[in-house]
Amino acid sequence: MWREMAADDRIEVNVDGFKVVAYSFGSSTETVFCLNGGPGLACDYLRESHSCLVDQGYRVVAFDQLGTGASDRPTDTSLWTIARYVEETETVRKTLGLGKVHMLGHSWGGWLAIDYALAYQENLQTLILEDTVADMPHLVLELERLRASLGPETVSMMQKHEAQGTYDHPEYVAAVTILNYRHVCRLPEWPAPVRRSLDDWNMGPYATMQGPNEFLYIGNLKDWNRVPDLPRIKVPVLITHGEHDELTPACGLRMKLGLPQSELHIIPNASHMPFYENPAAYYPILSGFLSRNKAG
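Quick note: the sequence shown uses UniProt numbering, first residue 1, plus one each step.
See below:
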């Protein structure tokens with residue numbers, strides 16, 4: 001089960017002249033390399049929910065992506081592309097000498113992990129895709145389905161504000177808040193690591209790449225679709241989703257059908273953060289997959 005712990009090492013990595021800060025737990029040669037969601041979030045929420053894997057003999061590495069947490073925060077919007085983040089991820093892996101890794105990508109980190117796998121598959125032992133998608137246009141359709149549950153008048157109101165760009169209007173914010181508590185984290189009190197990441201959100205990368213909130217995709221990733229490329233990924237893949245996930249189980253099935261060596265698990269009584277919402281169901285699935293796919 002997750003718990004907060006201090007990193008054994010805090011490493012500053014030079015990425016094209018910028019400082020990117022990585023955190024390492026444990027010393028095993030079996031490394032779980034975590035790519036957190038966002039974009040624009042510090043890695044706290046994913047780091048703290050997975051560092052406990054050291055108890056099972058793994059090294060766990062996470063890093064604050066450029067623009068987040070303790071890493072540098074440039075304001076040049078041309079930096080906010082998935083291709084640049086793929087190269088940043090590879091620079092961190094090489095600098096830390098991680099060798100082949102179990103790459104764990106959550107949400108936006110899953111999109112990044114998929115593109116990383118397509119570019120650097122030889123560096124992966126396994127790929128773990130948590131609460132993520134491989135097809136943004138399909139996700140947009142799923143999000144429309146989720147928010148339709150708010151009722152036609154509320155959806156009409158949201159569309160009006162989206163057309164006007166008034167995303168900060170109280171009634172629009174209220175509707176998004178309801179969706180967040182249904183489909184992002186269903187706990188009445190969100191865990192401290194989640195709050196730390198959210199309270200330090202850099203909206204620069206987020207708005208450029210995704211959009212103004214979790215339910216409107218208008219950034220430079222809105223047409224991203226890797227489903228045709230998924231059969232090229234040959235390593236074992238674990239796909240997990242919460243049953244109420246904003247990145248829905250249907251998105252998980254779409255990935256599973258394209259990945260030659262994949263398994264899909266739906267976590268009950270959870271949405272976008274099963275590791276906090278239902279840890280008793282989540283951790284055995286992850287641990288079992290890692291154990292079955294250790295190097296050597």
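Every residue gets a Cβ at the ideal spot worked out from N, C-alpha and C, and that includes glycine.
The structure presented is a predicted model; accordingly, all values stated were derived computationally and were not measured.
Residue i in three-state terms, based on DSSP
i	result
D9	strand
D16	coil
I114	helix
T126	strand
H169	coil
L104	strand
F289	helix
V140	helix
F215	coil
D135	strand
V21	strand
N180	helix
Inter-residue spacing [alpha-carbon to alpha-carbon] between residue i and residue j
i	j	result
L286	Q164	43 Å
M255	G105	14 Å
residue 345	W108	Lying outside 1 to 296, the shown extent of the chain, residue 345 is not represented and no answer is given.
T132	G252	7 Å
residue 347	T240	It is not possible to answer for residue 347, since the shown part of the chain is limited to 1 through 296.
E4	V60	13 Å
V184	N278	13 Å
R232	Y283	28 Å
E246	T77	26 Å
M157	V54	47 Å
R292	L150	42 Å
V176	N225	25 Å
E153	R186	24 Å
N14	P228	34 Å
H102	I128	7 Å
Y45	A70	14 Å
E263	V237	6 Å
Y58	G110	20 Å
Residue interval of the beta strand (DSSP E) (run including residue i)
i	result
G242	V237 to G242
T31	T31 to L35
Continuous alpha helix (DSSP H) stretch holding residue i: start and end
i	result
M203	M203 to M209
E263	From DSSP, E263 is part of no alpha helix (DSSP H) but of the beta strand (DSSP E) over S262 to I267.
K160	P152 to Q164
C251	P249 to G258
L198	A192 to D199
Which listed residue (the options) has its alpha carbon closest to that of residue i
i	options	result
W145	H244, W80 and N14	Trp is not the amino acid found at residue 145; the sequence shown has Arg there. For the residues H244, W80 and N14, the minimum Cα distance to R145 belongs to H244.
K234	Y58, V13 and A119	A119
A42	F18, L264 and L198	L198
G26	W190, V15, L35 and H50	H50
Q65	Y58, E87, E171 and I266	E87
Which full runs of the alpha helix (DSSP H) of 4+ residues lie inside the region 46-98, going along the chain? 82-95
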